[in-house]
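Here is the structure we will look at.
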Amino acid sequence: MASLMENLIEVLNKQYEVYEQLLVLSTTKTTAIVKGNLEDLARITDEEQNVVGILNHYDKEREEVMKDIANVINKDVEGLRIANLAQMLSNRPEEQRQLTEIGDKLRDVAFRMKKVNEQNKELLENSLEMVAFDMNLLQAMRQAPETANYNKGAYNVGTTMGSAPGTFDAKQ
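Numbered continuously in our numbering, the sequence shown closes out at residue 169.
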């Protein structure tokens, strides 16, 4: 059991390091979004995908260690949490401290990641709204006023001069 706990602590520490890398990339992504630098944004997104791949590897490793621990202590793996495992280690204070510490670090980095991701999401949504606004403005500027043609009932039957509504000319 002791070596399983050491393995778990080791894997959790590796996951924490990778989450920190991901947090740095997400923070850098915020700057790229604000500046509107698409090249940097694409590069950062590619780097994030690589880091997420590493994170998935460690996550599978953690799941395997957790399954082994669950088998040894005869508990359901779905119900095992780091806090529960730390409580079970009351007779091993050093491992208990390490497990509690890494659990706290992981919660903290997850909270920070959530904040940065929410901020990035909001920035991207605002950017998309601005692009839609700009496209609508360009279309409105290209349309000329309607001609002043009326029928017998005094209804305007004039046509719009210029481009047809709903079309976007990418050459402009």
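Idealized CB from N, CA, C, for every residue including glycine.
On a predicted model such as this, the values are computed, not experimentally measured, just so you know.
Check                                                                                                     : Outcome
Any 3 or more C-beta pairs closer than 8 Å across the stretch 29 to 41 and the stretch 49 to 64           : no
CB-CB length for L77 against L96, believed under 8 Å                                                      : Wrong, their Cβ atoms sit about 12 Å apart, outside the cutoff.
Assumed close pair T24, V113 - CB separation to whole angstroms, cut-off 8 Å                              : 6 Å
Residue burial classification, V74 (beta-carbon count within 10 angstroms, cutoff 16)                     : exposed
Whole runs of the alpha helix (DSSP H) within the stretch 26 to 97, excluding any shorter than 4 residues : 35 to 70, 79 to 85
Nearest-angstrom Cα separation, counted from V15 out to G50                                               : 10 Å
Inter-stretch contact (C-beta, 8 Å, three-pair minimum) for the stretch 86 to 93 and the stretch 62 to 74 : no
Beta-carbon proximity of I99 to L9, cut-off 7 Å                                                           : yes
Own chain residues within Cβ distance below 7 Å of R109, not counting five before or after                : L20
For G150, the three-state DSSP class (helix, strand or coil)                                              : coil
Supposed close pair L121, I30 - CB separation, criterion 8 Å                                              : 6 Å
Cα-Cα separation between A129 and E60, rounded to whole angstroms                                         : 44 Å
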